[in-house]
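As structure tokens, the structure follows; a few thoughts come after it.
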Amino acid sequence: MTPLRIAVTGAAGQIGYSLLFRLAAGGLGDRPIELRLLEITPALKALEGVVMELQDGAFPLLAGVETGDDPRALFDGVDLALLVGARPRGADMTRGDLLEANGAIFRAQGEALGAVAADDVRVLATGNPANTNAYIAAAHAPDIPRDRFAALTRLDHNRAVAQLAAKTGAAVSDISRVAIWGNHSATQYPDLTHALVGDRPALEVVGDAAWVERDFIPTVANRGTAVIEARGSSSAASAASATVDAARDWLGRTAEGDWTSMAVVSDGSYGVPEGLVSSFPVTTRDGDWAIVPGLEIDDFSRARIDASAAELAAEAEQVRALGLV
Ligand code: NAI
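Shown next as structure tokens:
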């Protein structure tokens with residue numbers, strides 16, 4: 244079996260430190276993998292240490308590791324690109340500064356992917372602002388179909404599943420059809436209106452209408468901040484785990500009768516303006532995805548979806564104004 248060639252950016256970072264070992268241990272299945280690890284020049288030394296540890300894991304599926312600071316060299320022929328590396332928001336940075344700094348990174352990486360990646364490449368942005376980073380990368384790789392770019396909202400999805408499981412006492416595996424809509428930000432809309440616990444509607448099992456708006460939505464949307472407050476640094480292992488989940492499902496398939504959440508290029512579904520990279524409930528199959536059609540959207544959901552889409556539209560506008568697309 245030829246190895247799956249996987250690029251990981253920001254490989255010496257916190258998420259990278261979990262992600263690489265999950266990938267090497269077979270997180271995407273039993274196909275051998277080859278890792279192409281991209282970092283900025285000052286982090287290459289640290290990356291060397293991570294590579295030593297990967298070697299020390301003696302992973303049977305790990306067919307090779309390359310490292311470097313040049314995306315054009317490292318992305319050559321890759322089948323999957325996990326874009327994790329990003330510029331963190333400094334204390335004195337506005338959101339505009341953040342978009343600008345990351346825009347430059349994701350433009351260069353989009354161009355490199357367009358130039359040298361495999362024809363079947365799939366690109367998943369985890370680095371924040373993830374949706375807009377995916378939007379920028381896609382804009383600079385015109386030869387790669389836009390549906391090959393996605394941004395990670397699987398961590399939000401997993402958080403929502405876990406909160407619902409905790410509230411209802413159900414097993415995580417009994418929960419299905421949870422959805423995250425919109426931006427991977429505080430405006431995201433974690434939606435339980437179609438969710439099931441076993442074969443019963445989740446909202447009926449919860450039996451507490453106020454809980455959704457008062458507890459569930461803010462807990463999921465602000466979970467990243469809660470982890471930082473408790474741990475002293477941001478969620479990395481759970482983000483790595485969600486990145487593996489998302490990539491595995493994208494290249495594989497969602498369970499029969501269920502869906503996942505992934506930020507993908509909108510086709511205008513559910514009133515989300517075409518072209519924005521927004522989270523939707525999606526089913527996946529062998530590298531393709533489809534937005535789940537025909538869900539009924541109540542007024543509460545409508546307002547939340549629209550608010551998050553408006554934030555994405557504003558980010559896209561800002562990126563255009565900065566000349567990043
Ligand atoms: P980190 O700061 O520990 O690591 C980031 C790494 O990226 C650093 O090693 C840095 O040198 C590298 N990097 C920066 N610019 C790069 C470039 N141009 N090319 C290659 N590498 C580059 O951060 P951490 O905790 O690993 O998080 C990474 C990103 O993931 C952050 O943007 C964070 O906000 C985001 N994140 C996203 C989540 C999601 O659900 N979508 C959840 C948690 C984090």
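The sequence shown maps to residues 244 to 568 in the working numbering. Each residue gets a CB set at the ideal place from its N, CA and C atoms; glycine is no exception. Keep in mind it's a predicted model, so treat the numbers as computed, not measured.
Through-space distance from residue j to residue i, alpha-carbon basis
i	j	result
residue 576	residue 524	Any question about residue 576 goes unanswered here, given that the chain covers just 244 to 568.
residue 323	residue 351	17 Å
residue 448	residue 411	7 Å
residue 553	residue 427	13 Å
residue 372	residue 339	11 Å
residue 385	residue 443	44 Å
residue 446	residue 564	42 Å
residue 368	residue 486	9 Å
residue 414	residue 407	9 Å
residue 496	residue 293	31 Å
residue 532	residue 296	35 Å
residue 404	residue 478	17 Å
residue 263	residue 387	25 Å
residue 513	residue 431	15 Å
residue 429	residue 244	42 Å
residue 375	residue 516	14 Å
residue 500	residue 506	20 Å
residue 311	residue 247	19 Å
residue 437	residue 549	18 Å
residue 299	residue 451	50 Å
residue 504	residue 536	13 Å
residue 378	residue 326	12 Å
Distance cut-off 6 Å: residue i Cβ against heavy atoms of ligand 1
i	result
residue 431	no
residue 251	no
residue 371	yes
residue 321	no
residue 356	no
residue 327	yes
residue 423	no
residue 379	no
residue 311	no
residue 504	no
residue 257	yes
residue 282	yes
residue 427	yes
residue 551	no
residue 347	no
residue 478	yes
residue 398	yes
residue 482	yes
Neighbour flag for residue i against chain D, beta carbons, 7 Å
i	result
residue 369	Protein chains in the displayed structure number just one, and chain D is not present.
Cβ pair count under 8 Å reaching 3, the stretch 253-263 against the stretch 279-298 = yes
query = Does the pairing of the stretch 355-364 with the stretch 317-337 give three or more beta-carbon distances under 8 Å?
reply = yes
inquiry  = Would the stretch 300-307 count as touching the stretch 263-271 if we require 3 or more Cβ pairs under 8 Å?
reply    = yes
message = Which runs of the alpha helix (DSSP H) at least 4 residues long sit entirely within the stretch 390-442? Give them in chain order.
response = 397-411
inquiry  = For the structure I just gave you, are there three or more beta carbon pairs, one from the stretch 488-495 and one from the stretch 458-477, closer than 8 Å?
reply    = no
key: Runs of beta strand (DSSP E) lying entirely within the stretch 449-513, each at least 3 residues, in chain order   = 503-508
ask   = Whole beta strand (DSSP E) runs in the stretch 349-389 with 3 or more residues, listed along the chain?
value = 365-368
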